[in-house]
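Q: Below you will find the structure I want to go over with you.
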């Protein structure tokens, strides 16, 4: 099975959560938006429009697996999990993994809204005052609450603090890794301040980065750099 | 199986998406937050704290089903769907239903953020100017985009326009119904203007309201009224 990932080119964005699963799972895949030979951006746009068929995606990322087309990061990962060995087989653990993924998705959405609090379609520069207000709460309350929650989950995992679920890597671990990477990029001072309270979260992120397939991916040109066009943006004024 | 729903009392909130599934499914359930005899608000707060155990919920709603505790609306509905006959059995249709539910969740989150664009923990009155800005985009771009998407899905359903997935009711239909109700409450003028472009969405919402169990529920005192403490709030200045 050759998987096709459809996502905007040039940014990690929400596509990154899918890429990390495909990479760690050793999947055969093509990153369509970043591969002109596979169709590039026009193919992504076509899938959102006329190519969407009777079950159209609302927004990227979208995964095509043969005749199946799946959108929404959490749904894609739920689909890929068992196929790539990135989730436990028993339904309880699988649902718990998914629940954690949905909470990561909520954090990621808030990380985006910090720089776009009043206009998803408008520029950051046109909503800077509002972003300054929102960033304060995000830094002082929301990041500590979310990452503190994952710290608590790791500390309370009866199978050890190395993974969110059970004793093995899951797609939620990969997603938490990238979320920590993104937050560290966007809010380095905040993350530095919080570090002493997040030993297990930070250890998990480091352990994921050291996994052979992930470290090879991170060193490759398939890994796109975080920048100010994506979800996690570093605007120093938002992280004083 | 007696299900226990843990959610803040007195508002429909995100708990409503779970209530509608439990009601339509004819489930035996207790709405703990609204039932002092079942523990009321203290029981909800305890579950978010010390009672959370090794797999704690991040936020309500939470469903307890025997020894299993599940948070996140979409995860709860994915769990309840097959148990209450509210989702197709085949995995493709079930995943498509879930994907639609996640898109509804995105719309609901944006509907909330309209009145809380810069501070989730602050009062609306303290972020009114920002809310006015955000509401304009929500009214003119986001509501049309989201509801237009569901209109397209219904119009393109090869099994008929009466349901989002296949030829039978699913939990996504119930959730779309409540989302339309909420948007109609919060943005009545906007919904009136959009109505001619949303025939299938509005017909689905009406059909859900007429279902025997749902109409009995809507007429009961278990159905909590929408008000300005919930997700969908009617501030006339945001819907000119």
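Residue numbers (UniProt numbering), protein chains in the order written: chain A, 1 to 240; chain B, 1 to 240.
Just so it is clear, CB atoms sit at the ideal spot from N, CA and C, and this is done for glycine as well.
With 8 Å as the threshold, decide whether the Cβ of residue 172 of chain A is near any Cβ in chain B.
A: Chain B, which has no Cβ nearer than 8 Å to the Cβ of residue 172 of chain A, makes this no.
Q: Note down the Cα distance separating residue 115 of chain B from residue 126 of chain B, rounded to an integer number of angstroms.
A: Their backbone Cα atoms lie some 10 Å apart in a straight line.
Q: Are the beta-carbon atoms of residue 174 of chain A and residue 150 of chain A separated by less than 8 Å?
A: No, Cβ-Cβ distance for residue 174 of chain A and residue 150 of chain A is not below 8 Å.
Q: Taking the alpha helix (DSSP H) that residue 114 of chain A falls in, what are its first and last residues?
A: That run of the alpha helix (DSSP H) goes 91-115.
Q: Per the DSSP calculation, residue 244 of chain B is bridged to which residue(s)?
A: Given a span of 1 to 240 for chain B in the structure shown, any question on residue 244 of chain B remains unanswerable.
Q: Does the structure place the segment 196-214 of chain B close enough to the segment 220-239 of chain A that three or more beta carbon pairs sit under 8 Å?
A: The segment 220-239 of chain A vs the segment 196-214 of chain B: no contact.
Q: With a threshold of 7 Å, establish whether the CB of residue 50 of chain B neighbours any heavy atom of the ligand GDP.
A: With respect to the ligand GDP, the structure shown offers nothing to examine, as it has no ligands at all.
Q: State the CB to CB distance for the pair residue 172 of chain B and residue 164 of chain B, rounded to an integer number of angstroms; the pair is presumed to be in contact (CB under 8 Å).
A: So it is a contact: roughly 5 Å between Cβ atoms.
Q: With a threshold of 8 Å between beta carbons, is residue 98 of chain A in contact with chain B?
A: Answer yes: the Cβ-Cβ gap between residue 98 of chain A and chain B drops below 8 Å somewhere.
Q: Using the C-alpha atoms, what's the distance from residue 69 of chain A back to residue 4 of chain A?
A: Distance between the alpha carbons of residue 4 of chain A and residue 69 of chain A is about 9 Å.
Q: Please classify residue 173 of chain A: does DSSP put it in a helix, a strand, or coil?
A: Three-state result, residue 173 of chain A: helix.
Q: If you draw a straight line from the C-alpha of residue 168 of chain A to the C-alpha of residue 195 of chain A, how long is it?
A: Using only the alpha carbons, I get a separation of about 24 Å.
Q: Taking residue 30 of chain B as part of the beta strand (DSSP E), name the residues at either end of that continuous run.
A: Counting along the chain, the beta strand (DSSP E) containing residue 30 of chain B begins and ends at 28-31.
Q: For residue 68 of chain A, which beta-bridge partners are listed by DSSP?
A: According to DSSP, residue 68 of chain A bridges with A:65.
Q: Can you confirm whether residue 193 of chain A, when its beta carbon is compared against all beta carbons of chain B, has any partner nearer than 8 Å?
A: Not one chain B Cβ lies under 8 Å of residue 193 of chain A.
Q: Measure the Cβ-Cβ separation of residue 14 of chain A and residue 56 of chain A and say whether it is below 8 Å.
A: Going by C-beta atoms, residue 14 of chain A is not nearer than 8 Å to residue 56 of chain A.
Q: Only counting the same chain, and skipping five residues up and downstream in sequence, which positions put a Cβ closer than 7 Å to that of residue 188 of chain A?
A: Excluding residues within five positions, the ones whose Cβ falls inside 7 Å are 239.
Q: Using beta-carbon positions only, say whether residue 162 of chain A and residue 207 of chain A come within less than 8 Å of one another.
A: Yes.
Q: So is residue 49 of chain A buried or exposed if we call it buried at 16+ other beta carbons inside 10 Å?
A: That one is exposed.
Q: Would you check if the distance between the CB atom of residue 52 of chain A and the CB atom of residue 141 of chain B is smaller than 8 Å?
A: No, the Cβ-Cβ distance between residue 52 of chain A and residue 141 of chain B is not below 8 Å.
Q: Would you call the CB atoms of residue 95 of chain A and residue 21 of chain A closer than 8 Å?
A: No, they are not a contact pair.
Q: Look up residue 215 of chain B in the DSSP assignment and say whether it is helix, strand or coil.
A: Residue 215 of chain B falls in the helix class under three-state DSSP.
Q: Can you tell which of B:106, B:11, B:28 and B:7 has the C-alpha that lies nearest to the C-alpha of residue 1 of chain B?
A: Ranking the options by Cα distance to residue 1 of chain B, first place goes to B:28.
Q: Would you please verify whether the beta carbon of residue 157 of chain B is less than 8 Å from any beta carbon of chain A?
A: Yes, residue 157 of chain B lies at the interface with chain A (some Cβ there is under 8 Å from its Cβ).
Q: Enumerate in chain order the residues of its own chain whose CB-to-CB distance from residue 148 of chain A is below 8 Å, with the five nearest sequence positions on each side excluded.
A: So the list reads 197 and 198, once near-sequence residues are dropped.
Q: In the segment 101-119 of chain A, which residues sit with their C-beta less than 7 Å from some C-beta in chain B, listed in chain order?
A: So the list reads 102, 103, 109, 113, 117, 118 and 119, given in the order they occur along the chain.
Q: Answer yes or no: do residue 99 of chain B and residue 38 of chain A have a C-beta to C-beta separation smaller than 8 Å?
A: No, they are not a contact pair.
Q: Got a sec: is the Cβ-Cβ distance from residue 95 of chain A to anything in chain B below 8 Å?
A: Yes, because at least one Cβ of chain B sits closer than 8 Å to the Cβ of residue 95 of chain A.
Q: Report yes if the CB atom of residue 117 of chain A is closer than 8 Å to the CB atom of residue 105 of chain A, and no otherwise.
A: For residue 117 of chain A and residue 105 of chain A, no; Cβs fall outside 8 Å.
Q: Quick test of your reading: residue 181 of chain A and residue 205 of chain A, contact by CB under 8 Å. State the CB separation rounded to the nearest angstrom.
A: Right, the Cβ-Cβ distance comes to about 7 Å (below 8 Å), so this counts as a contact.
Q: With the cut-off set at 8 Å, would you say residue 93 of chain B and residue 160 of chain B are in Cβ contact?
A: Cβ distance not < 8 Å, so residue 93 of chain B and residue 160 of chain B don't count as in contact.
Q: Tell me the DSSP secondary structure of residue 76 of chain A in three-state form.
A: Here residue 76 of chain A sits in helix by DSSP.
Q: Report all residues from its chain with a CB closer than 7 Å to the CB of residue 16 of chain A; omit the five preceding and five following residues, and keep chain order.
A: Answer for residue 16 of chain A: 178, listed in chain order.
Q: List the residues of chain B that residue 21 of chain A touches, going by C-beta distances under 8 Å, in chain order.
A: Within chain B, no residue comes near residue 21 of chain A; the closest Cβ sits about 16 Å away, beyond 8 Å.
Q: Smallest Cα separation from residue 19 of chain B: which of B:41, B:42, B:81 and B:67?
A: If we check each option's Cα against that of residue 19 of chain B, B:81 comes out closest.
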